[in-house]
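Input: a single structure, listed below in structure tokens.
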Amino acid sequence: MSNQLPVINLMGPTASGKTALACELYEQGNYELISVDSALVFKDMDIGTAKPSKAEQARYPHHLIDIITPLEVYSAAEFVEDACRLIDDIHSRGKTPILVGGTMLYFKALLEGLASNLPSADYDIRAAIELKGETEGWQAVYDELKAVDSLAGEKFKVSDKQRIIRALEVYKITGRPITQLQAEQPQKQPYRYNFHNYALLPDRVELHKRIEMRLEKMWEIGFLNEVENLMKKYDPDENLPAFRSVGYRQAIDFLKNSDKHQENYQEMCDKALFATRQLAKRQYTWLRSLQELHQFKTFFTIKQAQEDLRNLYG
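Going by our numbering, the sequence shown opens with residue 70, and the numbers climb by one from there.
Below, the structure is given as structure tokens:
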């Protein structure tokens, strides 16, 4: 539709270089940046989230960074509401918004709409489900889900832990299968935006090297001190999303439950590296599922992305 205003979505796994790419694009035209990252919303969580520095934010201002404390929860629905408001504001100023980040649930919610009749998260229920998975095995949790929601059991695999947790959580809150609730959703009305979707998907071997280098730099510049300060300031509830973020979860466990010897420190670093690689794997999976439903252009190298986007928007 000719009256639809453009919105650039720049997606990619952690450490893929998407933020640097967005900042380069920002310099070339009349743009504003909106962060699409569920960890960057939290204040006082800077190093472990790879948040742009104060100097970088001054040069490349990002909306939706540092908007809540780690004791608060920020939902996908809240993101969509905030993002649409910001997109409209940016368009009203005659600029084009660039949405950049790796939280694919947020992008999915923006592109497809949300299941509005689903309940908010209940962290006590989630913790109980996770405890069962850890003590009885995830097959037992998966079997419990299949008993109450056979359709979800067909859709999910036992390895889909987060999806299984959410489906069981919804059932325990509502007494109804999540698949039934999702089927009752009204058809989403199309947005008035023209989404330009781009995915930065570097080679996994290269991405793993970048992840390892980034984590090493984080430890060097004081990530563990940042987590210690967080614990002193907020007395974290480990069921809250902020403190379950990759890296933070492993650091909190090290600080609370180990004797802090070098062997334990290295184990923490290894666990954080593994968890970050797993996050990247999930992000790849999310991106592929989005690409099946929406028009995308995929870049496999940063150089390719720079050249193509410069030609399109420079």
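All residues carry an ideal CB built from backbone N, CA and C; glycine is no exception.
In the structure shown, G222 falls within a helical segment according to DSSP collapsed to helix, strand and coil.
Between the beta-carbon of I167 and that of I77 there is about 5 Å, and that keeps the pair under the 8 Å contact cut. Looking at the DSSP output, G170 bridges to M80. Here the C-alpha atom of R128 lies approximately 25 Å from the C-alpha atom of E289.
Non-local beta-carbon contacts of L293 in its own chain, meaning distances under 7 Å to residues more than five positions away in sequence, involve A320 in chain order.
Of D272, L324, L276 and P310, the smallest CA-CA separation from E295 is found for L324.
Comparing C-alpha distances from F111 to each of E223, K201 and H132 shows the shortest one belongs to H132.
Of the candidates E93, D272, G81 and I242, the residue whose Cα lies closest to the Cα of Y382 is E93. The alpha-carbon separation between S219 and R245 amounts to approximately 12 Å.
Runs of the beta strand (DSSP E) lying entirely within the segment 118-189 and spanning at least 3 residues, in chain order: 165-170.
A distance below 7 Å between beta-carbons, with the five flanking residues on each side excluded, links L140 to the following residues of its chain, in chain order: Y303 and L309. Judged by their CB atoms, E238 and I194 are nearer to each other than the 8 Å cut-off. Under the three-pair Cβ rule at 8 Å, the segment 267-277 counts as touching the segment 81-100.
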